[in-house]
Each structure stands twice: as C-alpha cells, then as structure tokens.
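As structure tokens, the structure follows; a few thoughts come after it.
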Amino acid sequence: MAASTGASTAAQAGKTERPVRIWDLPTRLFHWTLVVCVTGSVVSAKLGGNAMVWHFRFGYAIFALLAFRLAWGLVGGHWSRFASFFVTPARLLAYLRGGGGDGAGADVGVGHNPLGALSVFAMLALLAVQVGSGLFADDEIANSGPLVALVSGATSSSLTSWHKSWGQWLILGLIGLHITAVLVYLWRMRQNLIRPMITGDKILSEPVRASADGWRQRLLALLLIGLGAGLVAAVVQLGSTGFGG
Ligand code: HEM
0 MAASTGASTA AQAGKTERPV RIWDLPTRLF HWTLVVCVTG SVVSAKLGGN
50 AMVWHFRFGY AIFALLAFRL AWGLVGGHWS RFASFFVTPA RLLAYLRGGG
100 GDGAGADVGV GHNPLGALSV FAMLALLAVQ VGSGLFADDE IANSGPLVAL
150 VSGATSSSLT SWHKSWGQWL ILGLIGLHIT AVLVYLWRMR QNLIRPMITG
200 DKILSEPVRA SADGWRQRLL ALLLIGLGAG LVAAVVQLGS TGFGG
C-alpha cells in the first residue's frame with residue numbers, strides 16, 4: 000500500500016507513474032462474490048423460515064469460494080499468492096515501525112500489507128470454521144446441516160452453538176474492522192484501496208512485478224471454482240440428508 004502514495008511525491012522525484020495489475024480478475028470476482036454471499040447468508044439467517052434454504056445455498060457458495068481461494072493462494076496471480084503476503088513477526092514489526100519489510104523491499108505494501116494480511120487470513124479461517132460448523136449444525140426445529148447425522152448430538156450442539164454465537168460475532172466484528180480499515184485508508188491516509196479491488200490496477204511509481212491476469216489464468220480459475228463446487232457437492236452428499244432437516 001505504501002507504494003501507491005501521492006502523485007505529487009512521485010512527480011517531484013521525477014518518477015513515472017503507471018498502472019500495474021495487482022489483483023487479477025479471479026481474485027476480484029472472488030472478493031465481491033464473497034461479499035454478496037456473506038451478506039446473503041447473514042440476511043437469510045436473520046429472516047429465518049423459508050429464507051433458510053438460501054442460507055444453506057449461500058453457505059455452500061462460500062464453501063466453494065474458500066476452496067477456490069485456497070488453491071488460488073498457491074497458483075494464482077503473484078499478489079494473490081499466500082507467499083506474497085505471508086506474515087512473519089519481523090515483517091509485521093518492520094511494517095509497524097514504518098520500515099518496508101524484512102528483505103521484501105518496497106514491494107511489501109503493494110499487495111496486502113502485513114496488518115491487512117493478518118485480517119485476510121483471520122477472515123478466511125473464521126469463514127472456513129463457520130462453514131464447517133454449519134455443516135453439522137442443527138436448530139432442532141426445522142433446519143439441520145447436511146452432515147449432522149455423522150456426529151453425536153453433543154458435538155452437533157456445540158458446533159451449532161459456535162455457529163450461532165462466537166463464529167457469527169467474530170466474523171461480523173472482523174468484517175466491521177475490515178471495512179473501517181479500508182475507509183480509514185481512503186479518508187485519512189488518502190489511499191484508495193477499493194478502486195484496485197474493482198479495476199485490478201494500482202498506480203505505482205516503483206518497478207513492481209505485475210500479477211499475470213490473462214485468459215490462461217482465468218480458465219484455470221474457472222476450472223478451480225468448478226472443482227470447488229464439485230468438492231462441496233461431494234461433501235454435502237456424504238450426509239445425504241439434504242437441507243431443511
Ligand atoms: C462481507 C463483507 C466482506 C468480506 C467477507 C471481505 C473479505 C475480504 C477478503 C477475504 C479480502 C482478501 C482478498 C484476497 O486476497 O483474496 C479482502 C480484501 C479487500 N476488501 Fe473486502 N470484504 C468484505 C467487504 C468489503 C467492502 C464492503 C469493501 C469496500 C468498501 C472491501 C474492500 C476490500 C479491499 C479494498 C481489499 C483489499 C485490501 C488491500 O489492499 O489489502 N471489502 N476482503
């Protein structure tokens with residue numbers, strides 16, 4: 000993020016600014032689809048009743064998206080790979096001191112900065128736990144997760160309780176923090192992180208490696224999301240109880 004600072008500074012230093020592809024299309028689609036699905040899952044859970052069918056559907060979609068993102072973190076565009084924003088204590092400390100990372104050079108703030116990366120990993124992990132607990136949840140009235148028959152009543156009850164309390168609140172808290180951080184960057188630090196998450200490009204003055212974002216990557220992403228959907232179907236089938244209890 001540090002690399003996308005004010006145009007005037009770069010101009011004064013005689014550096015040329017140019018757009019560099021940071022977020023490839025699959026990562027952007029992943030992000031905004033995740034936003035729609037998480038919002039949809041929260042709203043449908045609050046509505047309850049018949050809307051719970053949609054809660055299940057959004058949950059399955061989030062499951063497929065997370066499986067995709069896990070794979071994309073290994074084979075996706077450079078800045079979407081986990082290796083490019085892996086957080087080490089040294090990197091985090093250097094960032095907090097206003098350094099620039101431990102050997103990662105000026106690149107350290109181009110993708111997710113170490114603080115942002117921590118929140119990204121926490122969001123992805125908590126969402127995975129939320130999906131996992133939902134698969135075994137049972138409200139003992141009308142809705143039960145597809146895998147509820149595979150565990151004991153006590154286990155299902157603990158997972159249901161996590162799903163409806165801690166899991167839900169921790170995710171909502173992190174999302175609140177995430178959106179607040181993005182707005183603080185926008186309004187206080189005059190850095191628009193939202194535009195790159197829409198267009199894919201950041202305007203940079205330093206020479207920085209671009210993320211590959213051609214048709215080959217996009218076809219690979221399509222294949223991976225298809226495999227993710229297949230995985231979800233196979234997991235749901237394991238319990239073969241269907242949704243709705
Ligand atoms: C349900 C709500 C949301 C969830 C679950 C969520 C989740 C995430 C995740 C997982 C990432 C990491 C992307 C990746 O590397 O794959 C991310 C990044 C990002 N999100 Fe969100 N997001 C949400 C809402 C929003 C909203 C409403 C905005 C805009 C106002 C936003 C703006 C961004 C931006 C700008 C980044 C990139 C941050 C950076 O440059 O490090 N997000 N979000």
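Numbering that gives the first Met the number 0 numbers the first residue of the sequence shown as 0 and each following residue consecutively. Note that the Cβ used here is the ideal one computed from N, Cα and C, for glycine as well.
Unbroken alpha helix (DSSP H) run spanning residue i, endpoints
{"i": "Lys45", "result": "Leu24 to Leu46"}
{"i": "Leu114", "result": "Pro113 to Leu134"}
{"i": "Pro195", "result": "Ile193 to Thr198"}
{"i": "Pro18", "result": "Segment Arg17 to Arg20 is the beta strand (DSSP E) holding Pro18; no alpha helix (DSSP H) there."}
{"i": "Phe67", "result": "Met51 to Val74"}
{"i": "Gly227", "result": "Trp214 to Gly238"}
{"i": "Gly166", "result": "Trp165 to Trp186"}
{"i": "Ala93", "result": "Pro88 to Leu95"}
Chain-order list of residues whose beta-carbon lies under 6 angstroms from that of residue i (same chain, five-residue window excluded)
{"i": "Phe135", "result": "Gly144, Leu146, Val147, Val150, Ser155 and Leu158"}
{"i": "Ile224", "result": "Phe67"}
{"i": "Leu226", "result": "none"}
{"i": "Leu221", "result": "none"}
{"i": "Phe57", "result": "Cys36, Gly39 and Ser40"}
{"i": "Leu230", "result": "Ala66"}
{"i": "Phe242", "result": "The predicted model places Phe242 with a pLDDT of 45, which falls under 50 and marks its position as unreliable, so this point remains unresolved."}
Chain-order list of residues whose beta-carbon lies under 7 angstroms from that of residue i (same chain, five-residue window excluded)
{"i": "His177", "result": "Ser118 and Met122"}
{"i": "Gly76", "result": "Asp23, Thr26, Ser210, Ala211, Asp212 and Gln216"}
Distance cut-off 7 angstroms: residue i Cβ against heavy atoms of the ligand HEM
{"i": "His54", "result": "no"}
{"i": "Met188", "result": "no"}
{"i": "Thr38", "result": "yes"}
{"i": "Ser83", "result": "no"}
{"i": "Phe29", "result": "yes"}
{"i": "His77", "result": "no"}
{"i": "Val42", "result": "no"}
{"i": "Arg90", "result": "no"}
{"i": "Val34", "result": "yes"}
{"i": "Leu73", "result": "no"}
{"i": "Arg68", "result": "yes"}
{"i": "Ile174", "result": "yes"}
{"i": "Met51", "result": "no"}
Short Cβ contact (8 angstroms threshold) for residue i with residue j
{"i": "Ile21", "j": "Asp200", "result": "yes"}
{"i": "Pro18", "j": "Ile202", "result": "yes"}
{"i": "Trp53", "j": "Gly39", "result": "yes"}
{"i": "Ser160", "j": "Thr15", "result": "no"}
{"i": "Tyr94", "j": "Leu114", "result": "yes"}
{"i": "Leu125", "j": "Leu69", "result": "no"}
{"i": "Met51", "j": "Asn142", "result": "yes"}
{"i": "Ile245", "j": "Leu33", "result": "No statement about residue 245 is possible, as the shown extent of the chain runs from 0 to 244 and does not include it."}
{"i": "Val181", "j": "Ile197", "result": "no"}
{"i": "Gln129", "j": "Gly97", "result": "no"}
Contacting residues, own chain, Cβ-Cβ under 8 angstroms from residue i (five flanking each side not counted)
{"i": "Arg187", "result": "none"}
{"i": "Leu46", "result": "none"}
heavy atom of the ligand NAD below 7 angstroms from residue i C-beta
{"i": "Val34", "result": "In the structure shown, the ligand NAD is absent; the only ligands present are the ligand HEM."}
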